[in-house]
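Residue numbering for the sequence shown is 0 to 37, as defined by numbering that gives the first Met the number 0.
Beta carbons: idealized from backbone N, C-alpha and C, even for Gly.
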Amino acid sequence: MKENLKNASILKNNRVYFNICGNKYRIVIRIDGSGSNL
């Protein structure tokens, strides 16, 4: 994921945060990898 999304940072507990608008905003998501491909 990090290779494709340079503004993403991987956190603990299957979470990833994305810097948006040059670090003005951030969004944090949790990835559920128990299903099929994302």
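C20 versus N12 - alpha carbon distance: Counting from 1 along the sequence shown, the entry for residue 20 is found at position 21. Counting from 1 along the sequence shown, the entry for residue 12 is found at position 13. Going by the C-alpha atoms only, they are around 25 Å apart.
Euclidean distance between Cα positions of R25 and S33: Looking up residue 25 in the sequence shown gives position 26. Looking up residue 33 in the sequence shown gives position 34. Spanning the two alpha carbons is a distance of roughly 25 Å.
Start and end residues, beta strand (DSSP E) containing S8: On the sequence shown, residue 8 is found 9 positions in, with the first residue counted as 1. Here the beta strand (DSSP E) through S8 covers A7 to I9.
Per DSSP, cross-strand counterpart(s) of N18: In the sequence shown, counting from the first residue as 1, residue 18 sits at position 19. DSSP, once it has assigned bridges, lists R25 as partnering N18.
Span separating the alpha-carbon of A7 from that of D31: By 1-based counting over the sequence shown, the position of residue 7 is 8. By 1-based counting over the sequence shown, the position of residue 31 is 32. Using only the alpha carbons, I get a separation of about 17 Å.
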